[in-house]
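Only one structure is covered here, and it is reproduced in the block below.
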Amino acid sequence: MARPQRDDEFDLRVDTLAFGGTGVGRHDGFVVFAADTAPGDLARVRVRKSRRRFAEADLVEVREAGPDRVVPPCPYVGACGGCRLQHIDYPATLRAKREHIRDHLERIGHLERIEVRTVDPAVSQFGYRNKMEYSAAPGPDGELRLGFHRRGRWDEVVDIDPCLLASAIGNAARQTVRAWAVRHGVAPYDQRAQRGTLRHVVVREGVATGELLVTVVTAPGAEPVVDELVAPMRAAHPELVGLLHGVNDGVSEVTQGLPTRILWGRDYYFEEVLGVRLALSSQSFFQTNTQMTGHLYTRVAEAAGLDGSQVVYDLFCGVGSIGLTIAARAREVIAVEIVPEAAADAARNAAANGMTRYRVLTGDVGRVVREQRETLPKADVAIIDPPRGGLSGRAIRRVLDLAPEVLVYVSCHPATFADNAARFVAAGYDLEYVQPVDMFPNTPHVEAVARFVRDEARVAAARAAAEAAGTRLGALPGGA
Ligand SMILES: C[S@@+](CC[C@H](N)C(=O)[O-])C[C@H]1O[C@@H](n2cnc3c(N)ncnc32)[C@H](O)[C@@H]1O
């Protein structure tokens, strides 16, 4: 088996789709990951990186298209780092996402024969995103580029118009900011030279309410020219409810947690999910696909099996959306969120929707549940919806301390989910099923709702084994 070298070119028959959206095949028995290929393709590829056990290659030419290959509608595919699956037929992407979850559970979690259900498809494959973060950077002649990072590049941006994942309103808002920047000679920020003004544009929309909230992020000192954006934004976008200005004086490309002023209107907007009206402030997380959020939460409620008698913990609650949409079927909801603005949104949303059996704790799931345990009721159900990094060891122990009968895990990352799932299983929970939901068409991301049920006998055995081994409940066999 000869290991291919950098710049080697050869024909590759693509067998499967790897997590991340690249095709995988074998060249003389050696594993090759090839970007932009599809299962069944015979593709001419060029090696970009050769590693000990596999090579990474770029597509040169499709010699024979596989059965799932389609023509991507977006002209920026290949250059833009956003969509990785637009060249593959939608049902085939769903099959691949399901396999990725199963594969991660087996390889990382060592959990075999788990029921991973077919992926619930998205209502729309395009125009579904309610939040877009555009980056600004100079082109070769210093001209403004406003779009997304070129694939694999931190310092280069592909100028996009339109983005097919954004709505018409979202695309139009970006173009209004672009026109203002060009008219006033606002220089895009150059990451390499750390010079320039315009850094990011964040567009958020309440899909059900039609409200638009736009944040422009610049380097310091741009206040007078940014003030000039109010009039054109208001004129072009009657749906605008707030225009914000964030200032980033650091090197990292962030849009959250910056000093931010309101240029016009308010710093939050409204969205509606399953009949619950939600205020979302600019710093708060919200699911990026509103159309599918109601469906996702319906799957969560189903997995929770609520009958009105249970105390439900909504951990990593964001603006409270899961807990609030199920509160009518729970005895009480205790919500936990670390971002103060989001926790405040959750409390405000509960009050505005007339929910009284609802409490929000602001802080880290790994700490706050223990700190306040004297005042907290026994948990019947815990819903866990962590960020991509999953639960820390401490957060897992706090969930196990709560000892809910049913655990519903909402995952946006199969690898961390598989690791966390293995820990809950090792601690005595049975993983009954995983229901994937496609919130992110055309991208390799996949959301999933998993139902775990506590098995008292297994919990007792796991606790005894942990005590005997001097480890903690939730550790994996071998102590990890
Ligand atoms: C994937 S979002 C889910 C939000 C919400 N459940 C929803 O459906 O919109 C994860 C949330 O967890 C919060 N978070 C992250 N780390 C946390 C921690 N250690 N403790 C509590 N909340 C945390 C984030 O701020 C974010 O709001």
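So the number in my numbering is just where the residue sits in the sequence shown, counting from 1, plus 186.
Yeah, the Cβ is synthetic: ideal placement off N, Cα and C, and Gly gets one too.
Remember, predicted model here, so these are calculated numbers, not experimental data.
Could you give the distance in angstroms between the alpha-carbon of V200 and the alpha-carbon of G494? 51 Å
On a Cα-Cα basis, can you pick out the residue from P374, H631, N475 that is closest to E285? Selected option, being the one with the closest Cα: H631.
For R420, collect the residues of the same chain with a Cβ closer than 7 Å to its Cβ; drop the 5 residues on either side in sequence, then sort them by chain order. Around R420: L426, W450.
Say whether the region 483–490 touches the region 540–558, bearing in mind that this needs 3 or more beta-carbon pairs closer than 8 Å, one atom from each stretch. no
Excluding the five sequence neighbours on either side, which residues of its own chain have a C-beta within less than 6 Å of the C-beta of V585, listed in chain order? A568
Helix, strand or coil at I512 according to DSSP, with G and I counted as helix: helix
Measure the Cβ-Cβ separation of Y595 and A565 and say whether it is below 8 Å. It is not a contact, given that the beta carbons lie outside the stated cut-off.
Would you check if there are 3 or more beta carbon pairs closer than 8 Å linking the region 215–229 to the region 303–319? no
Exposed or buried, what is W366 when buried is set at 16 or more other beta-carbons lying within 10 Å of its beta-carbon? buried
What three-state label does DSSP hand K564 in the structure shown? Here K564 sits in coil by DSSP.
Could you give the distance in angstroms between the alpha-carbon of F472 and the alpha-carbon of C598? 13 Å
Taking buried to mean at least 16 other C-beta atoms within 10 Å of its own C-beta, is S438 buried or exposed? S438 comes out exposed.
A352 CB to nearest chain B CB: under 8 Å? In summary, chain B is missing from the structure at hand, where a single protein chain is found.
Which one or two residues does DSSP pair with P622 in a beta bridge? In DSSP, P622 forms a bridge with A634.
Span of the beta strand (DSSP E) holding W450? 446–451
Just curious, the beta strand (DSSP E) that D500 is in, first and last residue? 497–501
Rounded to whole angstroms, how far is the Cβ of D500 from the Cβ of V525, which I believe are closer than 8 Å? About 14 Å separates the two Cβ atoms, so there is no contact after all.
Cα-Cα, which of T602, M478, R517, A241 is closest to D624? With respect to the C-alpha of D624, the residue from T602, M478, R517, A241 having the closest C-alpha is M478.
For R609, tell me which candidate among P622, Q621, R640 has the shortest Cα-Cα distance. R640
L384 and A322 look like a contact to me (Cβ under 8 Å); what is the Cβ gap, rounded to whole Å? 4 Å
Using CA coordinates, which residue listed in H273, E242, E642 is at the minimum distance from P253? H273
Return the chain-ordered list of same chain residues with a C-beta closer than 8 Å to the C-beta of V611, the five sequence neighbours on each side being excluded. G295, L297, L617, F638
Between V525 and ligand 1, is the CB less than 7 Å from at least one heavy atom? yes
Please find out if some non-hydrogen atom of ligand 1 comes closer than 7 Å to the beta-carbon of Q442. no
Pull the bridge partners of P374 from the DSSP assignment, please. L384
Can you say whether Q496 is buried or exposed, counting buried as having 16 or more other CB atoms within 10 angstroms of its CB? So Q496 ends up on the buried side.
Using 8 Å as the cut-off, can you tell me whether the region 340–349 makes contact with the region 388–398, which would need three or more C-beta pairs spanning the two stretches below that distance? no
Out of curiosity, what's the CA-to-CA distance linking A613 and S578? 15 Å
H481: first and last residue of the uninterrupted alpha helix (DSSP H) it sits in: 476–490
Residue range of the beta strand (DSSP E) that V437 falls in? That residue, V437, is in no beta strand (DSSP E); it is neither H nor E in DSSP.
Entirely enclosed beta strand (DSSP E) segments - the region 220–271, minimum 3 residues: 228–236, 240–250
Taking the straight line between their C-alpha atoms, what separation do you get for G264 and L492? 45 Å
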